[in-house]
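**Student:** The structure that follows is given in the form of structure tokens.
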Amino acid sequence: MRRAAARCALLVGTAATLTASPLQAQEALVLSGGGGRGIAHAGVLLGLEERGYSPGMVVGTSMGSIVGALYAAGIDPDSIAAIVTHEDWRALFAPDVLAVGPDRIAVRPLVSFGVGDDGIVLGGVVPDAGINRRLVEMLFDAGARARSDFDRLPRRYRAVAADLRDGSVVVLGHGDLARAVRASMAVPGVFSPVVIDGRILVDGGIADNLPTTQARALGALYIIASDVLLPELDELPTSRVAIGVRALRLLIENASPPGPEPDVFITPRIPEEISAATFPADTRPLIDIGREAALAVLPARSAAQPSPAPTRLDALADTVVVEGDDARINAFVHAAFAGTAGAYDADRIVERARRLYATGMFRGVWPRVEDRDGDATLIVRTEAVPASIVALAAGWDDRRGARGLLTLRQRIRVGGPGEFRASAGADRFLRRGALEASLPFARQPALSVGAGVHYSDRDVPRFTPAGEEVNVERRGAWFGGGWRTPDARYNAALQWVLEHARYRGTSGTTSGPRLRFTESPPYPLIAGEPLLLDAGVRFGEMAYAHLHARASVEQTIGRITGAILLDAAATGSDAPPDAQFALGDVGGLPWLETGAERGTRRLIVGADVAYRIFLDGAVRLRIRSGAVGNAFDDLENDSAWHSGVEVGAIWPTPFGVLAGGFAAGSDRKTRFTIDIGSSF
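Take a look at the structure:
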């Protein structure tokens, strides 16, 4: 009873074969897999410290490999608990974000796959760039100081993975520490496998979810083990779903032959409703459960001895070695890490890796340090996204009906690597397409230059008193620069736009600068609205200026999230209909029809309160009030203001976000709202 990992969401340790004999007999801590339930391991560490324990060896599988690696790296239990508490797990595993077209609209595709020389390249359901980047940020420095030898960490460490070929156990004791952990968490079908030394590695829970056997083989005489997946013997489920989940957990626990019984066996009593497949919004209860479980079974000792300080690392060799299959990309990466040789600076190296992630061209950027010819040498392994990618986003809502967006991405080489994109999308009111190319700077990969052409055909509803739709057609080109953060949360673009617009017998050509700063909405967006600043000036036959600013302030306490919202927009009186603003637009007042209450000035204020529930969802109350007019004075009239509420719920799903509710306004208008799929 104790084996295998909690596949459904997370992590396990990867492996390079261990050939060294055991160094010495010692006390070992063994941490099981368990997905989101594995957060309880952080509480177990707190209990260990309180009881005076300081194991010299750590062996982990899946989520246990992550918590275990942090502990082996010399991070104290309080800091580890803070890390897992404040980590935005949903953001790490959210679908990739694409910025599409001249508007740089943030889109999370539902389906994305690469096309290579051998046909379709299938990855995991969950994109892995986010977790790969975060593992590098947390673990690079410790791995570098240990020179990629896990026996030289403050605590000896092993990550356990499984060979996808035959399911055998693979124990990783040297190499890239962050990448070893990533291999251990590679749940098949959820995360992409990791190739190390020619072996395709996946979640270690397949082979050994509680690797006490591996700890004993490494010389441990005293083993403390924590298993967060083992079902409680005295709590039998009655529902069909609960019975199935329990059976799966038992299957995982018994997947491998029983290993040596631990000297101390910690089994946190985690409620059955907490799934391994998801991460709770409030992780503190899990940490408390882990701590209490450890305190309940561990006999007291004298105060624990602190772990030894990490090995000193003062300087790196003059040469940076880049490992990868594409010579052009290798040269680009080499340039990105220029200047990191000499005096050792972990923060500078991690920042260079983060900048490469910001390009969107890499699944993995794995820096490590090894001793080569007597010198500490920086080695960077890269895993580029496929050269050709097809991404599809789709959804349906009660306002716009069905919506879809197809994006084709192709890596190009103009001096260095860049990207060409073609996108086409449509909904009930809008048809659009764009062709664009961008090139990142090698020394500042988060910055890029780009250019493109675009076309849009929009039906602007309820613009005239008669209520008919006005068709606005635009075609044009743009060029400029872009910037984005490594996690793709924030994007900025400064462009010069040239466009020809036509509507209701009126046409004209305009050009001018545009600045757009956007925040990709969290996944899912529970409360408030994403940050936006969009400002521009158009000169020519349809001269006008526009400004749209939106911001939310959020606060989360336990399961409750609250937010206040301010949204202000203004444009010139001569602006085409599609450049004006409506209270009924997406993100506006939910009880109004699309396009209702349109004008050149708009102001919306609001407040949201959400309470987290099962399946990572939330029930929420959204309060909105807004006014629209053709002059700022119009917004001062009480009759211009519309107020109301929406009561509903929202869940993330494999098919995008599912949200619905009932909205009612002071103007006696009501509607049932529903939205499913990608947001764009």
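Here the sequence shown stands for residues 1436 to 2115, numbered as in the working numbering.
By construction, the Cβ of each residue, glycine as well, lies at the ideal position given by its N, Cα and C atoms.
1. Using the Cα positions of aspartate 2110 and proline 1745, report the straight-line distance between them to the nearest angstrom.
2. Below 8 Å between beta carbons: does that hold for phenylalanine 2117 and leucine 1933?
3. Ends of the alpha helix (DSSP H) at alanine 1594?
4. Report yes if the C-beta distance between isoleucine 1659 and proline 1490 is below 8 Å; otherwise report no.
5. Determine whether the beta carbon atoms of valine 1595 and glycine 1482 lie at a separation below 8 Å.
6. In whole angstroms, what is the alpha-carbon distance linking glycine 1850 and proline 2087?
7. Thinking C-beta only, is alanine 1788 closer than 8 Å to proline 1802?
8. Please determine if the region 1978 to 1987 and the region 2006 to 2024 are in contact, where contact requires at least 3 C-beta pairs separated by less than 8 Å.
9. Just the C-alpha distance for glycine 1777 and isoleucine 1999, rounded to the nearest angstrom, thanks.
10. Could you tell me which whole alpha helix (DSSP H) segments of length 4 or greater appear in the region 1485 to 1567?
11. Taking one C-beta from the region 1745 to 1762 and one from the region 1813 to 1829 each time, how about it: are there three or more such pairs within less than 8 Å?
12. Looking at leucine 1840 and glycine 1853, is the spacing between their C-beta atoms short of 8 Å?
13. Does the Cβ-Cβ distance between proline 2011 and valine 1888 come in under 8 Å?
14. Could you give the first and the last residue of the continuous beta strand (DSSP E) run that contains asparagine 1906?
15. Going by C-alpha distance, which of Ala2017, Val1604, Pro1875, Arg1590 is nearest leucine 1612?
16. Count the CB pairs spanning the region 1903 to 1917 and the region 1938 to 1950 that are closer than 8 Å, and state whether there are at least three.
17. Check this for me: beta carbons of alanine 1872 and alanine 1881, under 8 Å apart or not?
18. From glycine 1565 to aspartate 1717, what does the alpha carbon distance come to, in whole angstroms?
19. Relative to the alpha-carbon of alanine 1504, which residue among His1609, Asp1598, Pro1544, Ser1547 has its alpha-carbon at the smallest distance?
20. Identify, in the order they occur along the chain, each residue of the same chain with its Cβ nearer than 8 Å to the Cβ of valine 1519, setting aside the five sequence neighbours on each side.
21. Taking Cβ positions, are aspartate 1894 and glutamate 1904 nearer each other than 8 Å?
22. Among all the DSSP beta bridges, which residues are the ones paired with tryptophan 2086?
23. To which residues of the same chain is arginine 2057 closer than 6 Å at the C-beta, ignoring the five residues directly before and after it?
24. For proline 1875, does the count of other Cβ atoms within 10 angstroms reach 16, so buried, or fall short, so exposed?
25. Let me know the secondary structure DSSP gives arginine 2106 once reduced to three states.
26. Could you check where the beta strand (DSSP E) with tyrosine 1890 kicks off and where it finishes?
27. Would you kindly work out how many angstroms separate the C-alpha atoms of arginine 1835 and leucine 1966, rounded to a whole number?
28. How many angstroms separate the CA atom of serine 1412 from the CA atom of valine 1972?
29. Whose CA, out of Gln2015, Ala1773, Arg2106, lies closest to the CA of alanine 2066?
30. Roughly how many angstroms separate the alpha carbons of glycine 2034 and serine 2114, rounded to a whole number?
31. Sort out for me which residues DSSP pairs glycine 2041 with in a bridge.
32. Keeping to the same chain, check which residues put their C-beta closer than 6 Å to that of isoleucine 1995; ignore five residues upstream and five downstream.
33. Which residue's Cα is closest to the Cα of glycine 1917: Gln1990, Ala1793, Ala1828?
34. In its own chain, which residues sit with a C-beta less than 7 Å from the C-beta of histidine 1769, not counting the 5 before and 5 after it?
35. Would you call histidine 2077 buried or exposed, if buried means 16 or more other Cβ atoms sit within 10 Å of its Cβ?
36. Flag this pair as yes or no: are the beta carbons of leucine 1960 and leucine 1929 separated by less than 8 Å?
**Tutor:** Taking the geometry as given:
1. Translated into the one-based positions of the sequence shown, residue 2110 becomes position 675. Translated into the one-based positions of the sequence shown, residue 1745 becomes position 310. If I take the Cα positions, the gap works out to 51 Å.
2. The question about residue 2117 has no answer here: the residues shown for the chain are numbered 1436 through 2115.
3. In the sequence shown, the residue the question calls residue 1594 occupies position 159. Judged by DSSP secondary structure, alanine 1594 falls outside any alpha helix (DSSP H) and instead within the beta strand (DSSP E) spanning 1591 to 1598.
4. Start at 1 with the first residue of the sequence shown, and residue 1659 comes out as number 224. Start at 1 with the first residue of the sequence shown, and residue 1490 comes out as number 55. Yes, Cβ-Cβ distance for isoleucine 1659 and proline 1490 is below 8 Å.
5. Along the sequence shown, read from residue 1 onward, the residue named residue 1595 stands at position 160. Along the sequence shown, read from residue 1 onward, the residue named residue 1482 stands at position 47. Not closer than 8 Å, so no.
6. Within the sequence shown, the letter at position 415 stands for residue 1850. Within the sequence shown, the letter at position 652 stands for residue 2087. Distance between the alpha carbons of glycine 1850 and proline 2087: 41 Å.
7. Position 367 of the sequence shown, counted from the first residue, corresponds to residue 1802. Position 353 of the sequence shown, counted from the first residue, corresponds to residue 1788. Cβ atoms of proline 1802 and alanine 1788: closer than 8 Å.
8. yes
9. One-based indexing of the sequence shown puts residue 1777 at position 342. One-based indexing of the sequence shown puts residue 1999 at position 564. Looking at the two C-alpha atoms, the distance is approximately 48 Å.
10. As far as the region 1485 to 1567 is concerned, its whole alpha helix (DSSP H) runs of at least 4 residues are 1498 to 1507, 1512 to 1521, 1524 to 1527.
11. yes
12. Position 418 of the sequence shown holds residue 1853. Position 405 of the sequence shown holds residue 1840. Annotated as distal: glycine 1853 and leucine 1840, with beta-carbon spacing of 8 Å or more.
13. Mapped onto the sequence shown, residue 2011 falls at position 576. Mapped onto the sequence shown, residue 1888 falls at position 453. Not closer than 8 Å, so no.
14. Looking up residue 1906 in the sequence shown gives position 471. Unbroken beta strand (DSSP E) run through asparagine 1906: 1905 to 1919.
15. In the sequence shown, residue 1612 corresponds to position 177, counting from 1. Considering only alpha carbons, the answer is Arg1590.
16. yes
17. Here residue 1872 corresponds to residue number 437 of the sequence shown, with the count starting at 1. Here residue 1881 corresponds to residue number 446 of the sequence shown, with the count starting at 1. Going by C-beta atoms, alanine 1872 is not nearer than 8 Å to alanine 1881.
18. Position 130 of the sequence shown holds residue 1565. Position 282 of the sequence shown holds residue 1717. Approximately 21 Å, taken between the alpha carbons.
19. Walking along the sequence shown from the start, residue 1504 turns up at place 69. The shortest Cα separation from alanine 1504 among His1609, Asp1598, Pro1544, Ser1547 belongs to His1609.
20. Translated into the one-based positions of the sequence shown, residue 1519 becomes position 84. If we look at valine 1519 and ignore the five residues flanking it on each side, its Cβ neighbours are Ile1474, Ala1477, Val1502, Thr1718, Ile1722.
21. Working through the sequence shown from its first residue, we reach residue 1894 at position 459. Working through the sequence shown from its first residue, we reach residue 1904 at position 469. Closer than 8 Å, so yes.
22. Taking the first residue of the sequence shown as 1, we reach residue 2086 at position 651. For tryptophan 2086, which the question treats as bridged, DSSP gives the partners Leu2093.
23. Position 622 of the sequence shown, counted from the start, is the residue given in the question as residue 2057. Non-local C-beta neighbours of arginine 2057 in its own chain, meaning closer than 6 Å and more than five positions away in sequence, comprise Asp2043, Glu2081, ordered along the chain.
24. Within the sequence shown, residue 1875 is the residue found at index 440, counting from 1. Here proline 1875 is buried, its C-beta having at least 16 other C-beta atoms within 10 Å.
25. Stepping through the sequence shown from its first residue, residue 2106 is reached at position 671. Note: arginine 2106 maps to strand in three-state DSSP.
26. The count along the sequence shown starts at 1 and reaches residue 1890 at position 455. From DSSP, the beta strand (DSSP E) with tyrosine 1890 extends over 1882 to 1895.
27. Reading the sequence shown from its first residue, position 400 is the one you call residue 1835. Reading the sequence shown from its first residue, position 531 is the one you call residue 1966. Going from the Cα of arginine 1835 to the Cα of leucine 1966 covers about 23 Å.
28. Residue 1412 lies beyond the residue range present for the chain, which begins at 1436 and ends at 2115; the question has no answer from this structure.
29. The count along the sequence shown starts at 1 and reaches residue 2066 at position 631. Closest option to alanine 2066, Cα to Cα, is Gln2015.
30. Taking the sequence shown and counting its residues from 1, the one referred to as residue 2034 is at position 599. Taking the sequence shown and counting its residues from 1, the one referred to as residue 2114 is at position 679. Glycine 2034 and serine 2114: Cα-Cα distance of roughly 25 Å.
31. One-based indexing of the sequence shown puts residue 2041 at position 606. Under DSSP, glycine 2041 forms a beta bridge with Leu2000, Arg2059.
32. Counted from its first residue, the sequence shown places residue 1995 at position 560. Around isoleucine 1995: Tyr2046.
33. Counting from 1 along the sequence shown, the entry for residue 1917 is found at position 482. When each option's Cα is compared against that of glycine 1917, the closest is Ala1793.
34. One-based indexing of the sequence shown puts residue 1769 at position 334. For histidine 1769, where only same-chain residues beyond five positions count, the Cβ hits under 7 Å are Val1755, Val1757.
35. Along the sequence shown, one-based indexing puts residue 2077 at 642. Buried.
36. The residue labelled residue 1960 in the question sits at position 525 within the sequence shown. The residue labelled residue 1929 in the question sits at position 494 within the sequence shown. Not a contact, by the Cβ cut-off of 8 Å.
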